[in-house]
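Input: a single structure, listed below in structure tokens.
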Amino acid sequence: MAPPRVTRRVGSRELSLSNLDKVLWPKDGFTKGDLIDYYERVAQYALPHLKGRPLTLQRYPNGIGGETFFEKQIPRGIPDWVERVTVPTPSGLRSQITFVLCNDLPTLVLLANLAAIVLHVWTSRAPALEEPDFVIFDLDPGEKCTLRTLAEVTLGVRDLLGEVGLKPLVKTTGGYGVHVVLPLRSGYSYDTAKVFAEIVARQAAQRLGESVTLQRTVAKRPQAAVYLDYVQVGLGKTIVAPYSVRARDGAPVSTPLHWSEVEALARRRAPTAPADEFAKMNIRTAPKRFEREGDLWGGALWKKQRLEGALAKAQRLWSEPG
Amino acid sequence: MAHAIWSGAINFGLVTIPVKLFTAVKSDDLSFNLLHAKDEGRIKYERICSVDGKPVPWDEIVKGYEFEKGEYVVLTDEDFKAVNPEATQSVDIVEFVELDKINPMFFDKPYYLEPTKQGRHAYALLREALATTNRVAIARVVIRTKEYLAAVKPSEDALVLELMHWANEIVEAGTLELPGREKLPEQEMKMARMLIDTMSVDEFEPEKFKNNYYDQVMTMIEARAAGKELPKPKKAPARAKVVNLMDVLAQSLEESKKRRGAEKSASTRRRKTTAA
């Protein structure tokens, strides 16, 4: 049994960490110590994607079976050196919210120590919070949707974007689905990104037929289809950050993929459920993969793209009468 | 019977039997067209080139093998023939085996073989010899440019060519969690065998089994079609929505451009990062 409180030097900070033996994943036996070790080990890949993004913490103080809460306002007791950004909220309960910015390793470890298992980030970065730096397509498979269909739809969305000259990136959500993300040049508004996402989604629904649904009401979605969610674009909306851990059995991790891996999944004959496949990347197994593959969303791979040219192509290709 | 889908020859030893191939099973899968729920417009699929973004006609499509990411070797019909010069139209019998020795999972799709005039005698000989020895012939078959594994089996007056799966196409059951063959209680086994006995028949009569789903759906479709004029697909302004959105996007891009211009003159970044 580890002592309830230990002091550990992380980067340039002395951190006081508590209850490292506390089991957060009762079925798997993974502890808070495991969570901290994971985030510390993958920090070099995760931090560039967290930097400057207002963070919503999803905390599980008593493990994934226990009570959970979303925390936007920076938790009390967070030391002063942790970076933060204050955003006015005209419609909320408070007039403003101060968000944590996870800009460095000690902050990441500190958040893990708060049992903030899942890290939800904005799609823009401080100080340019009104300019999204990527467009997100959230592909959420229905209950009877196979891995193969999900992979085919993911490729369909990639190919559509490719038709208009755009190169997206892809990751698992760590849950059942997939995120397709298109990095943007700076200066676009959320309104622009929203309309663009809707154009692509409608075109995808038209092109891919029955394997895609845009129906927002869960009960009305065909169960074998993929729900293509293009409405996660907007000021204050969040997505699960790449490399974030999920609060599910097995402690799966949101994992950036090579497009060739999605192509391989699209050739699968066995009707695997997406979650079963994606759960293979978890806090135990994923670090080795990340060390081998490097950050598949990082550096030059995160290619910031313009929408003007894409719109011109889309107007030519997608608007002639069917 | 419809026309032959293929004609070639069965070869074994020095004997050649010219034959034609006919479909032996047709599937009564219901086939539906996909429609847009809103206006019943047909859903179209297009083959789009990822380079120029334009639809591609079949005669401009070739097969490419991706040997490295993004690097293709293009192969034509001639190329496929060249690698397999024997790949003419033939059923080459390799060996014979008792039917029971083949796991039925290997059988994929049956076709009828019909002899041409000069092949009738040899055809009858092969069929009777197979029937009396309870054997089937295992053959390599080439249809167009593809090679298949197949069995030639007697079925009443016909020889049936049954395409088979290659061994590597069969998925191992080893990954499943299956109970072992440990000893089961005699009493329970007796019960199970009794149950089987009482439900046993002497002959398998497939005619007894009706595809109820097919019949019911067809009845429903016929009733609907009779009850009302088949709805004419409305000429769809299918892409109107997307087109409008594109105008909105164009305007939005224009506005962000203007705003960026303004921002350069007066720094208007409203939100600030503050280390509290």
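Protein chains in written order, with the working numbering: chain A, 1 to 322; chain B, 1 to 276. Note that beta-carbon positions come from the ideal geometry of N, C-alpha and C, so glycine has one too. Note that the structure is predicted; figures quoted are calculated from it, not measured.
- Residue range 147 to 163 is occupied by the alpha helix (DSSP H) that includes Gly-156 of chain A.
- Annotated three-state conformation of Pro-106 of chain A is helix, per DSSP.
- DSSP places Val-262 of chain A inside the alpha helix (DSSP H), whose first and last residues are 259 to 266.
- For Gly-162 of chain A, the C-beta contacts it makes with chain B under 8 Å involve Ser-50, in order along the chain.
- Counting C-beta pairs closer than 8 Å gives three or more between the stretch 139 to 154 of chain A and the stretch 217 to 227 of chain A, which meets the contact rule.
- DSSP links Lys-20 of chain B through a beta bridge to B:Ser-7, B:Glu-114.
- Contact between the stretch 115 to 126 of chain A and the stretch 210 to 226 of chain A is not established, with fewer than three Cβ pairs separated by less than 8 Å.
- Look at Val-248 of chain B: its C-beta is under 8 Å from a C-beta on chain A.
- For Gln-315 of chain A, the neighbours in chain B by C-beta distance under 7 Å run, in chain order, Met-246.
- In the DSSP assignment, Ile-136 of chain A falls outside any alpha helix (DSSP H) and lies within the beta strand (DSSP E) extending over 134 to 141.
- Counting along the chain, the unbroken beta strand (DSSP E) around Lys-153 of chain B starts and ends at 146 to 155.
- For Ile-196 of chain B, the secondary structure class from DSSP, reduced to helix, strand or coil, is helix.
- For Leu-317 of chain A, the enclosing alpha helix (DSSP H) begins and ends at 308 to 318.
- Contact fails between the stretch 107 to 114 of chain B and the stretch 299 to 306 of chain A, because fewer than three Cβ pairs, one in each stretch, are under 8 Å apart.
- Of all C-beta pairs linking the stretch 88 to 100 of chain B to the stretch 121 to 140 of chain B, three or more are shorter than 8 Å, placing the two stretches in contact.
- For Ser-189 of chain A, the chain B residues whose Cβ falls inside 8 Å of its Cβ are Ser-252, Glu-255, Ser-256, Arg-259, in order along the chain.
- Taking a beta-carbon distance threshold of 8 Å, Ser-18 of chain A does not count as an interface residue toward chain B.
- Here the alpha carbons of Thr-68 of chain A and Gln-58 of chain A stand approximately 7 Å from one another.
- Shortest Cα-Cα distance from Leu-163 of chain B to any of B:Lys-146, B:Asp-79, B:Leu-35 involves B:Lys-146.
- DSSP places Pro-183 of chain A inside the beta strand (DSSP E), whose first and last residues are 178 to 183.
- Minimum Cα-Cα distance from Thr-175 of chain B among the listed residues A:Ala-270, A:Lys-27, A:Thr-285 corresponds to A:Ala-270.
- Taking CB atoms only, Gly-64 of chain B has no neighbour in chain A less than 8 Å away.
- Within the stretch 22 to 43 of chain B, the residues whose Cβ lies closer than 7 Å to any Cβ of chain A are, in chain order, Leu-34, Ile-43.
- Approximately 5 Å separates the beta-carbon atoms of Pro-154 of chain B and Leu-130 of chain B; this is inside 8 Å, confirming the contact.
- Arg-135 of chain B places its beta carbon 8 Å or farther from that of Val-73 of chain B.
- By the neighbour-count criterion, in which 16 or more other beta carbons inside 10 Å mark a residue as buried, Tyr-190 of chain A falls on the buried side.
- At least 8 Å separates the beta-carbon of Leu-159 of chain B from that of Leu-21 of chain B.
- Taken atom to atom, the span from the alpha-carbon of Pro-252 of chain A to that of Glu-186 of chain B is near 46 Å.
- The beta carbon of Thr-192 of chain A sits closer than 8 Å to some beta carbon of chain B.
- Taken in chain order, the unbroken stretches of alpha helix (DSSP H) that lie wholly in the stretch 10 to 60 of chain A and span 4 residues or more are 32 to 50.
- Ranked by how close their Cα comes to the Cα of Gln-315 of chain A, the residues A:Gly-174, A:Ile-199, A:Gln-223, A:Thr-7 have A:Ile-199 in first place.
- Taking Val-6 of chain A as reference, the option from A:Leu-110, A:Gly-52, A:Leu-50, A:Thr-285 with the minimal CA-CA separation is A:Leu-110.
- Taking a Cβ-Cβ cut-off of 9 Å, the neighbours of Gly-53 of chain B in chain A comprise Gly-162, Glu-163, Val-164, Gly-165, Lys-313, Arg-316, Leu-317, given in sequence order.
- Residue burial annotation: Trp-25 of chain A is buried, with at least 16 other C-beta atoms found within 10 angstroms of its C-beta.
- Note that the stretch 182 to 197 of chain A touches the stretch 241 to 255 of chain B; at least 3 beta-carbon pairs, one per stretch, sit closer than 8 Å.
- In the structure shown, Met-281 of chain A adopts coil according to DSSP, grouped into three states.
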